[in-house]
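Have a look at the structure below, then the notes.
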Amino acid sequence: MWCSRCQAAWYCSPEHSQSDWTRHRKECVPVAHAQNYNIIATPPPAEQQVIMVSAILFKPDEERPRIITIKCRPSQVPSQGICPQPLVNGHFVDHTGNQEHSDSIVLTQGLNAEPLRFPLHLWYSPAALSRCAPVNRAIHHITSGAGAKDWCGPVVVLKFNGSRRQGYADAGSNDLPALSAYFLAYK
């Protein structure tokens, strides 16, 4: 028979259980308490990490583009793939300080229509383009004013880490020629 208190010690008779009690009581833990000791500690679910990447910001009121850091949140929806979502909306505000909708395009070709090994993800404000906001001086500067049409509003450019577009790498000044070619051809 098992000890009725801890269910961990086996005795052949009630008499044997009683005679062993002085020794066994030191190790006897009631079943209700023993269950607390047997709980396996599991860590809390892992929080999805925010990824930081360098991006290029073309700000309308600045003469030159500059490198900034953008936070990217891992995709919450499996159907959207594994590419993280860049948190760029803070760069798209109108003249009154209200947030504007941003849209994006992916550049897959660079100079002379050469395919880009690392496509560029360009974020812009469609509202700024349609309402004829001030001309983006940084874009005007890198195209020497020779673009077919002036670009208005801010532009944030991220660089994919490969042609499959599953994540981002740091963008830098070596990406400016491909961007310049795009801005020159934009109509």
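Numbering (the working numbering), first residue to last: 19 to 205.
For glycine and all other residues, C-beta sits at the position ideal for the given N, C-alpha and C.
task: Give the secondary structure of residue 142 by DSSP, where H, G and I count as helix, E and B as strand, and everything else as coil.
output: Of the three classes helix, strand and coil, the one that applies to residue 142 here is strand, per DSSP.
query: Among the residues of its own chain, which have a CB less than 6 Å from the CB of residue 113, if the five just before and after it don't count?
result: none
message: In the DSSP assignment, the alpha helix (DSSP H) including residue 126 goes from what residue to what residue?
response: Counting along the chain, no alpha helix (DSSP H) covers residue 126; the unbroken beta strand (DSSP E) around it starts and ends at 121 to 127.
Euclidean distance between Cα positions of residue 115 and residue 81: Spanning the two alpha carbons is a distance of roughly 21 Å.
message: In this structure, how does DSSP classify residue 187 when only helix, strand and coil are distinguished?
response: Looking at residue 187 - three-state DSSP - the assignment turns out to be strand.
C-alpha gap between residue 188 and residue 155, whole angstroms: 23 Å
message: Can you tell me which residues form a DSSP beta bridge with residue 69?
response: The partner list for residue 69 (beta bridge, DSSP) reads 90.
Bridge-paired residues (DSSP) for residue 25: In the DSSP output, where bridge partners are listed per residue, residue 25 has none listed.
query: Are the Cβ atoms of residue 77 and residue 172 separated by less than 9 Å?
result: yes
query: From what residue to what residue does the alpha helix (DSSP H) around residue 194 run?
result: 194 to 203
- prompt: Where does residue 155 fall in DSSP's three states?
  reply: helix
query: Taking all protein chains shown into account, do 16 or more other C-beta atoms lie within 10 angstroms of the C-beta of residue 195, making it buried, or fewer, making it exposed?
result: exposed
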